[in-house]
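A short write-up of the structure that comes next.
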Amino acid sequence: MTGANEPLLEGTLISHLLELRTRLMRAFIAVIIIFIPCAFYSNQLFVWLSHPLLQQLPAHSVLISTSITAPFTTPLKLAFVAALLLAMPYILYELWAFIAPGLYRHERHFAVPLLLAAVVLFYVGVAFAYFVVFPLIFSFFVSTTPHGVQLMADISMYMEFVLVLL
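Numbered per numbering that gives the first Met the number 0, the sequence shown finishes at 165, counting up by one with no gaps.
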């Protein structure tokens, strides 16, 4: 390599890093913009997420909190995850817009349908888990509770379990 090529390579690397920074900032801003209304409705989001379990518990059962901060932080964490899920198509678009110029034409034509199918199938999987799997699994867990034991689910542990399943 000659010394004349090195500034060009350095400039190209810096321009790529600047492009990556711009794309990551756009994705981050999109998540923040979507997070704001999700945070405003975070308690309603948690009520909606806890509905499959509450349907399976005995009448007048409630979820509990074993931490002082959990009633505030758990719905807020859920709001962030919801914002991330809702912004995911845009995040993937920004990632794709950064990667696509480096791909050959046949690679781009192959990757676009895979990317779109992955996004659609992910959302279908989340809906399937919420509407089909959750009622079945919570019904099973509630029905296997030993006699004399009162099932009291903690909200933070419940959300962690649900997010792992999703």
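All C-beta atoms, glycine included, are put in the ideal place defined by N, C-alpha and C.
Given the structure is predicted, the values throughout are model-derived calculations rather than measurements.
### Task
Pick helix, strand or coil for residue 0, following the three-state DSSP scheme.
In the sequence shown, counting from the first residue as 1, residue 0 sits at position 1. Any reading at residue 0 must be qualified, since the residue scores a pLDDT of 47, below 50, and its modelled position is unreliable; the value itself is stated next. Coil at residue 0, not helix or strand.
### Query
Do you know offhand how far residue 83's Cα is from residue 20's?
Within the sequence shown, numbered from 1, the residue matching residue 83 stands at position 84. Within the sequence shown, numbered from 1, the residue matching residue 20 stands at position 21. Answer to the nearest angstrom: the Cα atoms are 18 Å apart.
### Task
May I ask you to report which of helix, strand or coil DSSP gives residue 63?
Counting from 1 along the sequence shown, the entry for residue 63 is found at position 64. Correct three-state label for residue 63: strand.
### Query
Looking at residue 136 and residue 62, is the spacing between their C-beta atoms short of 8 Å?
Indexing the sequence shown from 1 puts residue 62 at position 63. Indexing the sequence shown from 1 puts residue 136 at position 137. Going by C-beta atoms, residue 62 is not nearer than 8 Å to residue 136.
### Message
Quick check on the burial criterion: 16 or more other C-beta atoms within 10 angstroms. Buried or exposed for residue 33?
### Response
As a first step, residue 33 must be located in the sequence shown, where it is residue number 34. By the 10 Å Cβ count, residue 33 comes out buried.
### Query
Near residue 125, which residues of its chain fall below 7 Å by C-beta distance, leaving aside the five closest residues on each side in sequence?
The residue given as residue 125 occupies position 126 in the sequence shown. These residues qualify, in order along the chain: 165.
#### Entry: Segment contact, 8 Å Cβ cut-off, at least three pairs: the segment 110 to 121 with the segment 64 to 75
no
### Distance between residue 129 and residue 104 (C-alpha atoms, nearest Å)
Your numbering for residue 104 matches position 105 in the sequence shown. Your numbering for residue 129 matches position 130 in the sequence shown. Roughly 38 Å separates the two Cα atoms.
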